[in-house]
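Asks: In full-length UniProt numbering, the protein residues as written are 1 to 347.
No residue lacks a Cβ here, since even glycine has one placed at the ideal position from N, Cα and C.
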Amino acid sequence: MAREGIQRLVLTSRRGPGAPGAAELEAELVALGPSVELVACDVADPEALGALLDRLRREGPPLRAVFHSAGLVDDELIARLDPEQLRGPSLPKVGPAWQLHAATRDLELDAFVLYSSAAGTLAQIGQANYAAANAYLDALCQLRREAGLPGLSMAWGLWAGPSMATSVRAQLESQGVSAMEPAPAIAGLRRAVALGDAHVVLGAFDWAKVRFGGRGQLLAILQSEGVEAEEAAADSSFDLDALPRGERGPAIQAFVLDAVARTLRLSPEEADPKRSLTALGLDSMTSVELRDELRERGAFEVRLADLLRGVSVAELSEQLLAAYEGELDGDEVSEAPASPWLWCPAP
Ligand SMILES: NC(=O)c1ccc[n+]([C@@H]2O[C@H](COP(=O)([O-])OP(=O)(O)OC[C@H]3O[C@@H](n4cnc5c(N)ncnc54)[C@H](OP(=O)(O)O)[C@@H]3O)[C@@H](O)[C@H]2O)c1
1 MAREGIQRLV
11 LTSRRGPGAP
21 GAAELEAELV
31 ALGPSVELVA
41 CDVADPEALG
51 ALLDRLRREG
61 PPLRAVFHSA
71 GLVDDELIAR
81 LDPEQLRGPS
91 LPKVGPAWQL
101 HAATRDLELD
111 AFVLYSSAAG
121 TLAQIGQANY
131 AAANAYLDAL
141 CQLRREAGLP
151 GLSMAWGLWA
161 GPSMATSVRA
171 QLESQGVSAM
181 EPAPAIAGLR
191 RAVALGDAHV
201 VLGAFDWAKV
211 RFGGRGQLLA
221 ILQSEGVEAE
231 EAAADSSFDL
241 DALPRGERGP
251 AIQAFVLDAV
261 ARTLRLSPEE
271 ADPKRSLTAL
281 GLDSMTSVEL
291 RDELRERGAF
301 EVRLADLLRG
311 VSVAELSEQL
321 LAAYEGELDG
331 DEVSEAPASP
341 WLWCPAP
């Protein structure tokens, strides 16, 4: 923005000019042309934010763009979140974003950009509170666009360099989210502003590795949009009906083994069909992924608790075959589970 001829740049944070590196940043920006003001303002305090906005309105020049990027993370599994932690990441985002929206909706803005996160779309483990805060921003920009106002919820993946994501960088990278360097990230932001969409997710994702809970849904959206999602297309042709009876057992085992190997990121050598899934590394989170994989690609319904009870790929495959052929307990497969621990829809 400083490079693009704006006259006045007001940057806020709780520490304002007292933040480490603030003076250097100010000098760097002033050298590019605009007047720069660093303000200590807690945007989660409606009075402080209101007073700042009133002052800017009085002083001029007219406000032309709003960028909101305040945020914090406080990761915890959802079952362990206390009310304060649940609210924490929303405080710098939800109220302030609405206040900025309400205070500027009558102005002729060129841009209204909220820094959101891919976590709001991809459901990263341990980030339910952060995901909710960001999903609010995504929805707010939708509302603004529907009202004909500028609004972009820029849902970032992972940035390079020190940031709030530093502590989870290694974890994210192992899950297929690579860090973006500033130049391509800013180029992407420009493009997103020009696109006019309310919500854009921008990140460097390796879809073969991404393990977030929302992956299935996201790939489905990409496919429905006509975007190639190579992994989603893979193996969608699993069709037991087309196989002779004697070939179904090996086909199910190969299918289940592949699903387990993909879910647990195992090499073919590591994916031993005789070892229990838990010994191979299945846990409560990856069991959800495996259950979804079996359901989406194979139309098999398996209960999570049963996947975690020490069953191996070979045993699971036998049970699926038996359920498929309606042989378990001598019954046809029905609406109710034929087995105490798994069932599959009638072929
Ligand atoms: N870094 C990433 O990879 C990444 C990925 C996805 C999304 N994002 C989003 O991008 C935004 C910036 O992330 P970041 O990594 O740059 O974060 P960061 O390094 O922690 O910086 C956050 C900034 O927000 C300010 N801030 C926090 N609470 C505030 C409040 N209540 N009022 C005013 N300022 C406040 C902080 O300054 P003070 O402490 O002085 O207030 C700090 O300058 C966040 O909204 C984040 O959700 C980042």
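(1) Tell me whether A160 sits in a helix, a strand or coil according to DSSP, three-state version.
(2) Here's the rule I'm using: 16 or more other beta-carbon atoms within 10 Å means buried, otherwise exposed. How should P244 be labelled?
(3) For F238, collect the residues of the same chain with a Cβ closer than 7 Å to its Cβ; drop the 5 residues on either side in sequence, then sort them by chain order.
(4) Going by Cα to Cα distance, which pick from S90, A128, D110, L56 is closest to E76?
(5) Measuring only from the beta carbon, is G151 closer than 8 Å to any heavy atom that is part of ligand 1?
(6) Taking C-alpha atoms, which residue in A259, H68, G50, G21 lies nearest to L282?
(7) Closest by CA to E4, which one among S163, V30, L137?
(8) Going by DSSP in three states, residue 373 sits in which element: helix, strand or coil?
(9) Going by DSSP, what residue range makes up the beta strand (DSSP E) through A65?
(10) Pull up the DSSP beta-bridge partners for T12, would you.
(11) If we ignore side chains and look at the alpha-carbon of each, how far apart do R87 and A70 end up?
(12) Classify A12: buried if its beta carbon has 16 or more other beta carbons within 10 angstroms, exposed otherwise.
(13) In or out: M285 buried (at least 16 other Cβ within 10 Å) or exposed?
(14) Could you give the residue range of the alpha helix (DSSP H) that holds V94?
(15) In the DSSP assignment, find the unbroken alpha helix (DSSP H) run with F255 in it and report its ends.
(16) When the Cα of G18 is compared with those of L100, L38, H68, Q99, which residue comes out closest?
(17) Does the region 126-142 come close enough to the region 181-193 to have 3 or more Cβ pairs within less than 8 Å?
(18) Determine the contact status of L72 and P89, defining contact as a CB-CB distance below 9 Å.
(19) Do V302 and L321 come within 9 Å of each other at the CB atom, strictly closer than that value?
(20) Which term fits K93, buried or exposed, when burial requires 16 or more other beta carbons within 10 angstroms of its beta carbon?
(21) Looking at C-beta atoms only, is the number of pairs between the region 149-161 and the region 193-205 that lie closer than 8 Å three or more?
(22) Run through DSSP, which three-state label would A79 get?
(23) In whole angstroms, what is the alpha-carbon distance linking E247 and V313?
(24) With a cut-off of 8 Å on the beta carbons, I'd call L240 and Y324 a contact; round off their distance for me.
(25) Can you find the residues in the same chain that come closer than 7 Å, C-beta to C-beta, to R309, ignoring five residues on each side of it along the sequence?
(26) Grouping DSSP H, G and I as helix and E and B as strand, with all else coil, what is A155?
(27) Distance, Cα to Cα, L158 vs L122?
(28) From R190 to P273, what distance separates their C-alpha atoms?
(29) Is any heavy atom in ligand 1 found nearer than 8 Å to the beta carbon of P96?
(30) Is R87 near ligand 1, judged by its Cβ being under 8 Å from some heavy atom?
(31) DSSP puts F238 in a beta bridge; with which residues?
Replies: Quick answer:
(1) coil
(2) exposed
(3) F255, R297, G298
(4) A128
(5) no
(6) A259
(7) V30
(8) Outside the displayed range of the chain (1 to 347) lies residue 373, so it cannot be described from this structure.
(9) 65-68
(10) V39
(11) 15 Å
(12) For clarity, residue 12 is Thr in the given sequence; the question names Ala instead. Its Cβ being crowded by 16 or more others within 10 Å, T12 is buried.
(13) exposed
(14) 94-104
(15) 245-264
(16) L38
(17) no
(18) yes
(19) no
(20) buried
(21) yes
(22) helix
(23) 17 Å
(24) 6 Å
(25) none
(26) strand
(27) 13 Å
(28) 49 Å
(29) yes
(30) no
(31) Answer by DSSP bridge pairing: none, since F238 is not bridged.
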